[in-house]
Amino acid sequence: MIRIYRNFLNVLQRSRSASILNIMGLSVAFAVFIAILIQVNYEYSYNSSFPKADRIYRLELRHSSEAIYQALLPLPGFEIIRTEIPELSVSCLVDKPWRSANFTVVKPDGNMDFFEEGPAYADTNVVRVFDLEVVAGDYRQALTMPGQLFIPLSVAQKFFGETDVIGRTVLFNGAREMTVAAVYRDVPQNSTFQNVLYSASFSSGTQWAQWNYESYYVIPEGTDMEMLVDKLRGLDKIVAGKNSGEKMFADHDLMFLPLKDIYFADVQHWHEPAGNRMMTHILLLIGILVLVVAIVNFVNFSMALAPSRIKSLNTQKTFGAGNRFLRWCVISEAMIFSFLAFLLGVFWCYLLGQTFVQEVMYTSLNPFVHSGLLAGVGSVSLIVGVLAGCYPAFYMTSFSPALVLKGSQALSPRGIFLRNTLMVFQYTVAVALIIGILFIGRQLEMVKNRPWGIEKEHIVYLKSNKDMVQKRTAFVNELRQNPAVTDVTFASELIGDTGMQHWFFDDMIDGEQKRIECDVSMIAPNYLNFFGIEVIEGDRFVSTQDSMVMVNETFKKTYHFDPMGKEMAGMRVGRILKDFNILPLQQSIRPLLLAVNEEWAGNYFYIKINGAARNKALTHIRKTIRELSPTYGGDVRFLNDHLNSLYKGEERLGTLVNIFGLATILLALMGVYGLVLFNSKYKAKEIGVRKVNGATNWQMIIFLNRDFIRMVVLSFVLACPLSWYAISVWLSGFAYKTSLSVWVFLLAGVVVLSITLLTISWQSWKAANANPVEVLKNE
C-alpha cells in the first residue's frame, strides 16, 4: 500500500499538469452527476414517502367520447363505492385547490399580514390513507365542522411565526373568520398530496352533478384489479336508483392508477404537477454520458503519459515486480484520482447550490442533505477509477522490458482503433448535445413568443374577494375615474390557468346524442372588446341581458356540427369566436364556451392601463382596493408576467440541460487535448523524419490534424439521426412545435469542428516547430 501511495505521489509530481486536468475534469463530471441524480431522484421518488404508497391507488375514469382520463367523482357516488365494496373501504376524498385564496392574519396590535394559499377539502380518512402526522389539535373537527382549519406546520409558521397555533383565527378572502383546529406535519414536496389548508368549508358541493373530488384507496395486496372494476360497474344499479336513473360508470373506461405512477402517468390531469419522463431521461442520460466522457478523458490522458510511465514500470519489472502488482498499482492510482475527484466534485456541487442553478432545481442541491445518494456516488467513483485504470494498466505492462529499455514501444493497431473509437464517441456526444441545446432553446422561444390571439399588453389583473364581488359596480366605476385606467372587465377564469371550469354533458343535437366536453368561463359583457377577440358569426355587441352563449371555432370543428342557434343543455349558442388561447401554449386549443353572467364572473378583474402612466395607474388601483376592502391581501399583477411564468417548468429543465450539457461538451473537448498530447509525443520521430526530408510546418499541422477532422465528420454523421429522433420525441409533447431546420444540425457540426481546430492547432504547431535534430537525437 505504501508503494502504491509512493507511485501515486510520483505521478503527481512528474505529470502535474495532466494530473490536475484529470482531477479537475473528473471532479466536474462528478459534480454534474451528483446534481443530476439529486434532480432525477426527486422525480422518480415522487409519492414514495407515504408508508402505504405501494398500496394506494386513485380511481381514473374516461368517457368513451373523451381522449383523456380524469380522476373526479361526485361525493354521493364515492360514498356508495366506500360502503358497498369492502376492498375499497379504506379510502378518502380530496378536493384540491383549483385556485389560490387570500388569508388575512390580524395581529394583536391591529396590523394585518396578508397571505395567498390554496384552500382544499378532504374527508377525515385522509389522515389514515396518507398516514399524516397530526402534531396538534383535532383533525376530525377541522374536517367536519364549518369554519375550522387543518393546516401544515409550514403554514402555521408562515402565518403566525410559531407552531402553537390551535385556536388562532384568520380571515378567509378578507371576510370570513376561520379557526385553526389542527396542525399536521408537512409531507415532502414531491407528493401528489399538497401541503395546503383543508376545511369542511372548502367543499365543492354534495350534488350528483358536482364531479369535483379525487378518490384514493388503500387496496390490499394481491387484489384482482379487474374484479374491482367489475364491482364498480355493478354499482350503477344502486347509483341509478339514487340519481334519477343516471348511471355513474356507463360508457366509461375505468382504472386504478398506482399513487407512485401518477407523476409520470401517460394520462393527463389538471391542477397537479406532472413529470416529463422524456426530459428526466435526457437528464439522466447526460449524467451517465458525463461520467463516460470523464472516463474516456482519463484514459486519453493516461495514454498520453504512457511513454514515460512504460519506462518507469518496466524498470520496476527488471527489479522483480510482477505484471499483476504493477497493474494493480496503476488501477489503484486511478481509483485514488477518481475518489479525490469525487470529494472535490461534492464541494463543487455544494457551491453550485449557492448559485442561480439552485433556482431551477426542484430540491436542495446541498449534497450533504442527500447522504444515501452521496454514499452511492462515492462507491461509483471507485468503480469509475477501476474502469478508467484498466486499459492503461494492461497496455503499459504489455511490453517486454528489453524492448522498452531500447525505446521500442508503439501503440498496437487494436489500441489505435480503441482510442479513435473513444474519440468518435466523445465527438458524437458533443455534436448531439449541441443540437439538443439549440433545439430546446428554439422551442422555448417559439412557445413564449407565439401569439395568444388576444390583446395582452398593458393589462394587469387581480383576484377578487367578497367585498369586490358585492360592490363590483362601484369598484369598476372608481377604477375608471382615473385617466391612467383605460378599461376594466372581469371573468370567472384567469387566462392561462389550467384550473379553469371544465363542463361535460350529454344532449340530443340534430337528432343525434352527443357528449359535449368544453372549458367554460363566465364573462362580463365587454370581455370580447377588452381582449380584442374576433367574432366570426353573430352580433359583436354583447349586452348585460344577453342570454346566449358563445363558442370557439375548435368547438365547431371538434363536434362536427354547426352550433350557431343550436340549444345545448338549455343554452342557446349566439356567437362563434375566432380561436384564441385561454390555456398555456403547451396545450392545443380546446373547445371553449363563454357565457355572459356578471354574478358568476367576478373571480378575476382585468384592468387595461395607459403604458405611459404605468406607475400612476398602479397607485390608483391599489388605493381603490384599500378603500374598498382594507383586509384584501392580494396585489395586482401583469398578465404578461403571469403568462410567461407558465413556461417555468420547461425553462427550468431547459436550463438544466443547457448547463449540464455544456459541461459535458467541455469535458468531451478536453479529451481532444489529451489525444493531441499523445499524438505529438507518439509521432515525434515521424515528424522529425518528415521535416528532415523537406516537409513544411503547415504540412505537419495538416498531417497531425487530418485524423481529428475525419473523426468530427464521422461523429456528425452519427449524431444527426440520433439527435433528430430524440428531438422529435421530445417535441411530440408540445401542441406547437419548432421546425427541425437543417441549419441547426450544420451549425452544431461547425461549432464542434471549430472548437476542435482551435484546441489542437496550438499543440500541433508546437510539435511541427520542434527542432527535428533534437527530436531524432532523443529518439
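One point on numbering: in numbering that gives the first Met the number 0, the residue at position 363 of the sequence shown is 362, and numbering is uninterrupted.
The C-beta atom is built at its ideal place from N, Cα and C for all residues, glycine as well.
Remember, it's a predicted structure, so these values are computed and weren't measured experimentally.
- Sequence-distant partners of residue 153 (beyond 5 residues in either direction) whose C-beta falls short of 7 angstroms from its own C-beta, in its chain, are 185 and 194.
- For residue 73, the enclosing beta strand (DSSP E) covers residues 71-73.
- The Cβ atoms of residue 170 and residue 176 sit closer than 7 angstroms to each other.
- If the five residues before and after residue 238 are omitted, its C-beta is found closer than 7 angstroms to the C-beta atoms of 76, 79, 246 and 247, all from its own chain and listed in chain order.
- Within the same chain, Cβ atoms closer than 6 angstroms to the Cβ of residue 99 are found at 115 and 117, the five residues on either side in sequence being excluded.
- From the listed residues 202, 200, 150 and 173, the smallest Cα separation to residue 179 is found for 150.
- Rounded to the nearest angstrom, the Cβ distance from residue 419 to residue 710 is 6 angstroms, consistent with a contact under 8 angstroms.
- No Cβ-Cβ contact shorter than 7 angstroms links residue 518 with residue 553.
- By the criterion of at least three beta-carbon pairs nearer than 8 angstroms, the stretch 643-650 is not in contact with the stretch 123-135.
- Within 10 angstroms of the beta-carbon of residue 38 lie 16 or more other beta-carbons, which makes it buried.
- According to DSSP, residue 251 shares a beta bridge with 62.
- A contact between stretches requires three or more CB pairs, one per stretch, nearer than 8 angstroms, and the stretch 542-560 fails this requirement with the stretch 461-472.
- For residue 395, the uninterrupted alpha helix (DSSP H) run begins and ends at 370-395, by DSSP.
- If you look at residue 140, you'll find it in the alpha helix (DSSP H) that goes 138-143.
- In its chain, beyond the 5 residues on either side, 546, 547, 548, 564 and 565 have a beta carbon closer than 8 angstroms to the beta carbon of residue 571.
- Annotation for residue 235: 246, 247, 248 and 249 place their beta carbon closer than 8 angstroms to its own, counting only its chain and skipping 5 residues before and after.
- By the neighbour-count criterion, in which 16 or more other beta carbons inside 10 Å mark a residue as buried, residue 539 falls on the exposed side.
- A straight line joining the alpha-carbon of residue 230 with that of residue 437 spans about 52 angstroms.
- Excluding the 5 residues flanking it on each side, residue 263 has same chain C-beta neighbours closer than 6 angstroms at 274 and 276, in chain order.
- Under a 10 Å Cβ-count criterion, residue 507 is classified as exposed, with fewer than 16 other Cβ atoms of the shown protein chains found around its own Cβ.
- DSSP, reduced to helix, strand and coil, places residue 551 within a strand of the structure shown.
- Three or more beta-carbon pairs separated by less than 8 angstroms link the stretch 486-504 to the stretch 94-110, which places the two stretches in contact.
- Between the alpha carbons of residue 213 and residue 56 lies a gap of roughly 11 angstroms.
- Here DSSP, grouped into helix, strand and coil, assigns residue 539 to coil.
- Listed as beta-bridge partners of residue 489 by DSSP are 604.
- One thing to note: residue 257 has its Cβ no nearer than 7 angstroms to the Cβ of residue 130.
- If you draw a straight line from the Cα of residue 622 to the Cα of residue 636, it comes to about 15 angstroms.
- Within a 10 Å sphere around the beta-carbon of residue 662 sit 16 or more other beta-carbons, which makes this residue buried.
- In this structure, residue 488 places its C-beta atom within 7 angstroms of the C-beta atom of residue 523.
- Residue 513 carries a strand assignment under DSSP once its states are collapsed to helix, strand and coil.
- By the Cβ-count criterion, residue 632 is buried, with 16 or more other Cβ atoms from all chains shown falling within 10 Å of its own Cβ.
- Secondary structure note for residue 114: its beta strand (DSSP E) is the uninterrupted segment 111-116.
- As summarised for the stretch 330-357, there are no continuous beta strand (DSSP E) elements at least 3 residues long confined to that stretch.
- In this structure, DSSP gives residue 167 a state outside helix and strand, which the three-state scheme calls coil.
- For residue 644, no beta strand (DSSP E) encloses it; the enclosing alpha helix (DSSP H) starts and ends at 638-644.
- Burial check for residue 147: the Cβ neighbour count within 10 Å reaches 16 or more, so the residue is buried.
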